[in-house]
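Residue numbers (the working numbering), protein chains in the order written: chain A, 1 to 130; chain B, 1001 to 1141.
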C-alpha cells in the first residue's frame, strides 16, 4: 500500500497534514519530501492520522526528523486520531508521547498553549542534533 | 482456510523489494490466522528485520543478498532472515525507550522486533536472525 499526503492550512502557519496509507520503508520519503517546505516555515503541523493503517520504525524516524526540524525554529507538531495498532507502535516506542492526542480539540488546547509560549518567549528553539 | 505455508526467497539488497515481500507474507499470515492484530505484528517485525539486513547488514550494497525463510502454521510462525554483512553486537543495544535515547532519530527496529515476537535469536554474529511468534488470538480478532 502506498502513501498519499494532503496538506491544508488551518490558520496562519498552522497546517493540517492528512497522510493516507502506510508509512513504511517504501513510503517514508514521500512524507518527508511532501512536508519539506511546510517543516521549514510552519508554526505547527497537525497530523490527522485516522487514515494511516501502519507505521514502521522508518516512518517513526521520518516523523521524528520533521519534529526536530520544527523545534529548531520554535515550531511543533501534533498527531491526532491514530488507529489503535498505529497508536500502539508509538506507545511501545515511547516516542512523541507529549504530542499525541485523541482528538483535534485536545491538540488545539496544546497548540494554543505552545503558540502562546512562543509569543511570550518561554519556548526556546531546540539545539540542532550533531 | 489454509493450514500452513513455507516460503524461501533471496532478495537483492534493494529497499524497494522489502514491502512487496512483506505484504505477500502478511496476506498469507492473515489467511492463516484471520487475525488482523497478529498479522500487523508479524508484518512489522518482518519489515524491521529485512530493512536492518539491507541497511545495516549488507550496507545497501546491491550485489549482496538477503535470504528469507518462513515456516508458518495456524499455531505459529518462524521467520529466518540472513544477510551477508559482518554482523553486529546484538548484546549491547541501547533501549530506545529510555532517557535521552527517546530523542534519537534511529535505533528502534530491533526493539520493535523483540516486542512484537515471542522469541528472537541472532546467529552468525548477528548477520542472521530467527524470530518466532505463537498465534494466540482466535480467528476474527
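We treat Cβ as the ideally placed atom computed from N, Cα and C, and that holds for glycine.
Since we're looking at a predicted model, the values are computed, not measured.
Beta-carbon within less than 6 Å of residue 1007 of chain B's beta-carbon, same chain only, minus the 5 sequence neighbours each way: which residues are those?
The residues are 1070.
For residue 1095 of chain B, the three-state DSSP class (helix, strand or coil)
The three-state secondary structure of residue 1095 of chain B, taken from DSSP, is coil.
Chain B contact for residue 36 of chain A (CB, 8 Å cutoff):
no
For the alpha helix (DSSP H) that residue 1 of chain A lies in, which residues bound it at each end?
Note, residue 1 of chain A: premise wrong, no alpha helix (DSSP H); not H, not E.
Would residue 988 of chain B count as contacting chain A if we go by Cβ distances under 8 Å?
Because chain B spans 1001 through 1141 in this model, residue 988 of chain B falls outside it and cannot be assessed.
Of the residues that make up the segment 11 to 23 of chain A, which ones have a beta carbon closer than 9 Å to any beta carbon in chain B?
22
I'd like the list of long-range same chain contacts for residue 1017 of chain B, defined as Cβ closer than 6 Å, with 5 residues on each side in sequence excluded.
Residues of the same chain with a CB within less than 6 Å of the CB of residue 1017 of chain B, apart from the 5 flanking positions on each side, are 1011 in chain order.
Test item: CB-CB of residue 1130 of chain B and residue 1089 of chain B under 8 Å:
The Cβ atoms of residue 1130 of chain B and residue 1089 of chain B do not sit closer than 8 Å to each other.
Measure the CB-CB distance between residue 31 of chain A and residue 70 of chain A and report whether it falls below 8 Å.
no
What residue from B:1077, B:1058, B:1044 has the CA that sits closest to residue 88 of chain A's CA?
B:1044
Since residue 51 of chain A meets chain B, which of its residues come closer than 8 Å, beta carbon to beta carbon?
Correct list: empty, because the minimum Cβ distance to chain B is about 16 Å.
Considering Cα atoms alone, identify which of A:75, A:13, A:64 is closest to residue 122 of chain A.
A:75
Which chain B residues sit within Cβ distance under 8 Å of residue 54 of chain A?
Those are 1040, 1043, 1044, listed as they occur along chain B.
Pairwise C-alpha distance: residue 111 of chain A and residue 1052 of chain B:
36 Å
Leaving out the 5 sequence neighbours to the left and right, which residues in its chain are closer than 8 Å to residue 1093 of chain B when beta-carbon positions are compared?
Counting only Cβ-Cβ distances below 8 Å, and skipping sequence neighbours, we find 1107, 1110, 1111.
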